[in-house]
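Start counting at 1 in the sequence shown, then tack on 351, and there's your number in my numbering. For reference, the structure is listed below as structure tokens.
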Amino acid sequence: MSALALLAPGPTRIMGVVNVTPDSFSDGGQWFDRGAAIARGRELAAAGADILDVGGESTRPGSARPTTEEELERTVPVVAALAADGLTVSIDTMRSATARACLDAGAAMINDVSGGLADPQMPGFVASVGVPYVTMHWRGLLTNPDEEPDYDDVTNEVCRELTERVDVLLAAGVRAEQLLLDPGFGFSKNADHNWELLADLSEVMSLGYPVIVGTSRKRFLGRLPARTGGQLDHEAPVSAAFDRDHATAATSLLAAQAGAWAVRVHDVRSTREALAVWEMVSRAR
Ligand code: PMM
352 MSALALLAPG PTRIMGVVNV TPDSFSDGGQ WFDRGAAIAR GRELAAAGAD ILDVGGESTR
412 PGSARPTTEE ELERTVPVVA ALAADGLTVS IDTMRSATAR ACLDAGAAMI NDVSGGLADP
472 QMPGFVASVG VPYVTMHWRG LLTNPDEEPD YDDVTNEVCR ELTERVDVLL AAGVRAEQLL
532 LDPGFGFSKN ADHNWELLAD LSEVMSLGYP VIVGTSRKRF LGRLPARTGG QLDHEAPVSA
592 AFDRDHATAA TSLLAAQAGA WAVRVHDVRS TREALAVWEM VSRAR
């Protein structure tokens, strides 16, 4: 199968997250041990993940970046073990050196949250290897979690900035068929921005590339209106990351209905079941 056959149209794929990090947003430290990370990847595949997204660097605001050596040590053995099982593996990295080593170890695609901005070698490297490449909307490394992002119209600006990245990548020789876009939920966006983007996903789809949506366990899902004593309470407490899987299944279903190529989630089963409900309703029609 050619590397790009992965991008053929079809039902929304589920990308299961395998964070081999001590400090990720929502599952920091849980799968940091190599054996635990491999076991987690197998567990997500058994739960119905189509792709496993292995990452060795946390994108949490203010977290210290690992060295390339540390990132390689975390990711390469996990990618190699999961790929050897015949599973489809994506490498979540901003570094071309890590992407190269993980492709050599059996990864089938590259997921770059910086859209090629963090490593100037990345666009040329992606052109040379020809594999699918996720270009996420990114406005730089976040140092301060409380910094207020600034947009006049978040969807327009995300689409415009993604288009600028696409132009840079195409100019570097990347083929359009390799590209996937991701609006980057939670990256330099406050809760209102994230909800607006989710409402406007069709505009991101209309850019003409397969789209990945990663809302899983993100902070904006932790503050939902609750019903207390029959009243809607808009100041409901923020729930812990692990409590956000129900909301994630709902946002992932909305993303799938808007035409997302894939949804990136930590808890595969809840999203798999939400998508299966839609599938059954579609069949019944
Ligand atoms: N989010 C995180 C990490 N990688 N990749 C893509 N393509 N899209 C995302 O939204 C995204 C990502 C941060 O989440 P995590 O550290 O909790 O996995």
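For glycine and all other residues, C-beta sits at the position ideal for the given N, C-alpha and C.
Asked	Found
Taking the C-alpha atoms as reference points, what is the distance between Pro561 and Ala387?	31 Å
Just to confirm the assignment: which complete beta strand (DSSP E) runs, minimum length 3, are found wholly within the region 511–538?	530–533
For Pro500 versus Leu355, is the C-beta distance shorter than 8 Å?	no
Whole angstroms is fine: what's the gap from Asn462's alpha carbon to Asp497's?	26 Å
Can you grab the Cα-Cα spacing for the pair Val405 / Ala458, in whole Å?	9 Å
Roughly how many angstroms lie between the CA atoms of Leu395 and His597, to the nearest whole one?	17 Å
If you compare alpha carbons, which of Phe536, Asn545, Pro412, Ala478 is closest to Val517?	Ala478
Determine, using beta-carbon pairs with one atom in the region 415–422 and one in the region 503–512, whether at least three such pairs fall under 8 Å.	no
So Ile389 and Val429 are in contact, right, with Cβ under 8 Å, and what is the actual spacing, rounded?	6 Å
Going by DSSP, which residues form a beta bridge with Thr300?	Since the first residue shown for the chain is 352 and the last is 636, residue 300 is missing from the structure and cannot be characterised.
Provide the residue span of the beta strand (DSSP E) that contains Met366, from first to last.	364–370
In angstroms, rounded to a whole number, what distance separates the CA positions of Ala443 and Gly367?	Sequence check: residue 443 is Asp here, not Ala. Straight-line Cα distance between these residues: approximately 12 Å.
With a threshold of 16 other CB atoms inside 10 Å of the CB of Thr514, please say whether the residue is buried or exposed.	exposed
So, using beta-carbon positions, are Val564 and Ser603 closer together than 8 Å?	yes
Let me confirm a value: Asn507 is counted as buried when at least 16 other C-beta atoms fall within 10 Å, else exposed. Which label applies?	exposed
In the structure shown, what three-state DSSP assignment does Asp584 receive?	strand
Whose C-beta lies closer than 6 Å to the C-beta of Ala609 among residues of the same chain, with five residues either side of it excluded?	Leu552, Ser553
Count the other CB atoms within 10 Å of the CB of Gly392; is the residue buried (16 or more) or exposed (fewer)?	buried
With DSSP collapsed to three states, give me the class of Asp618.	coil
Tell me which residues share the same chain as Asp533 and place their Cβ nearer than 6 Å to its Cβ, disregarding the 5 neighbours each side in the sequence.	Val485, Met487, Ile563
May I have the straight-line CA-CA distance separating Gly467 from His617, to the nearest angstrom?	24 Å
Inspect the beta-carbon positions of Thr372 and Gly407 and report whether they are closer than 8 Å.	yes
Here's a check: name, in chain order, each residue in its chain whose Cβ is nearer than 6 Å to the Cβ of Ala607, leaving out the five neighbours to either side.	Thr363, Leu626
Kindly indicate which residue of Ala415, His544, Ala448, Ala611 has the alpha-carbon position closest to the one of Val427.	Ala448
Give every residue of the same chain whose Cβ lies closer than 8 Å to the Cβ of Val555, excluding the five residues on either side of it in the sequence, and list them in chain order.	Thr506, Val509, Cys510, Leu513, Leu532, Pro534, Leu548, Val562
Report the partner residues of Ser441 according to the DSSP bridge assignment.	Asp404, Met460
Given that a residue counts as buried once 16 or more other Cβ atoms are within 10 Å of its Cβ, and exposed if not, what is Gln529?	buried
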